[in-house]
Amino acid sequence: MKKVKKAIIPAAGLGTRFLPVTKAMPKEMLPIVDKPTIQYIVEEAIQSGIEDIIIVTGKGKRAIEDHFDNSIELEQNLLEKEKFSLLEEVQASSKIDIHYIRQKEPLGLGHAVWCARKFIGNEPFAVLLGDDIVEAETPGLKQLIDQYEEVGSSVIGVQTVPNKETHRYGIVDPIVQNGRRHEVKNFVEKPAPGTAPSNLAIMGRYVFTPEIFMFLEEQQVGTGGEIQLTDAIQKLNKIQRVFAYDFEGIRHDVGEKFGFIKTTIDFALKNKELKDELMEYLKQVIK
Ligand code: UTP
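Note that our numbering gives residue 260 to position 274 of the sequence shown, counting from 1, and the numbers run on in steps of one.
Right under this line is the structure:
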């Protein structure tokens, strides 16, 4: 069985839920405390054993490429001022070798993944969404890759959501459960309220066999007028088994305002330089 060594990070969406800031700034670059969202995701991919990353970018996303590039002047300045730990942080983001491809129009997540098909070729690969951070002891993607190595089929990361939220996600219709892993009958994109077949929602981490590209190739527009990845997964599941894995850890949706604010507070409370001051401040605000 071929190993999962490549990952796609789609980051070409318009980020309309975050306008106006996303007019000129990629939402994937919004910082959680002091690091852009996309860097947490790149780090998760590397910690999961991924060797090659391709980021799907689009119009107005240049800042992502700049972030992962060398910044000679800044590095020189930090060196002269003997700010060695900051220098190390800055250099860390440019040490990673990242490839880029442009999605010329934001036609949907399925289309963004399809744009990277030539980079992937005929190998299994991972997808990590550019606006979902997973905080877990074993990196979220690594958990899925471990499952892939057991079953040799595509594995989709899921977590349980409350009834009132199922219409916001791709939802799985599970048939057989083996611990945290489920065999799946159907994958449904954003079911109408009250019609979801379960509470297991697709959560921004995937491992695919390359056959998914056959179905993305058809490029049919689905829910919301976009080319949906979930529709292609549903078709793939008809010719190969596709599993859902209820991964351990906290998934933070930083692509919408409330999720972003909560994640910022959570991460700041875990930062030893900020924790005490922030706690004091929050106590005052609550009073
Ligand atoms: P989202 O649907 O959360 O991102 O897609 P969006 O479209 O930017 O957000 P809103 O709804 O307008 O606020 C999940 C991920 O897929 C990428 C996004 O950049 C995000 O990281 N994406 C989405 C693409 O790369 N291309 C697309 O056409 C759509």
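We put the beta carbon where it would ideally sit given N, CA and C, even for glycine.
Local conformation of residue i per DSSP, three classes
i: residue 281; result: In the structure displayed, the chain extends from -13 to 273; residue 281 sits before or after that span and is not available.
i: residue 264; result: helix
i: residue 152; result: helix
i: residue 19; result: coil
i: residue 25; result: helix
i: residue 5; result: coil
Proximity to residue i [Cα-Cα], best of the options
i: residue 76; options: 84, 60, 67; result: 60
i: residue 46; options: 35, 21, 12; result: 12
i: residue 199; options: 180, 222, 25; result: 222
i: residue -11; options: 255, 112, 245; result: 112
i: residue -5; options: 29, 115, 64; result: 115
i: residue 210; options: 87, 177, 190; result: 177
i: residue 218; options: 97, 8, 51; result: 97
i: residue 93; options: 256, 9, 257, 0; result: 0
i: residue 196; options: 269, 252, 119, 102; result: 102
i: residue 127; options: 181, 265, 270, -8; result: -8
i: residue 237; options: 23, 68, 35; result: 23
Contact test: residue i Cβ vs the ligand UTP heavy atom, cutoff 8 Å
i: residue 245; result: no
i: residue 181; result: no
i: residue 13; result: yes
i: residue 95; result: yes
i: residue 4; result: yes
DSSP bridge partner residues for residue i (one or two, in chain order)
i: residue 163; result: 168
i: residue 76; result: The partner list for residue 76 (beta bridge, DSSP) is empty, contrary to what the question assumes.
i: residue 143; result: 231
i: residue 112; result: -7, 193
i: residue 174; result: 157
Item to check | Residue ranges of each alpha helix (DSSP H) within the segment 207 to 251, 4 or longer | outcome: Runs found: 215 to 225.
Next on the checklist: Which runs of the beta strand (DSSP E) at least 3 residues long sit entirely within the segment 29 to 60? Give them in chain order.
Outcome noted: Runs of the beta strand (DSSP E) lying entirely within the segment 29 to 60 and spanning at least 3 residues, in chain order: 38 to 43.
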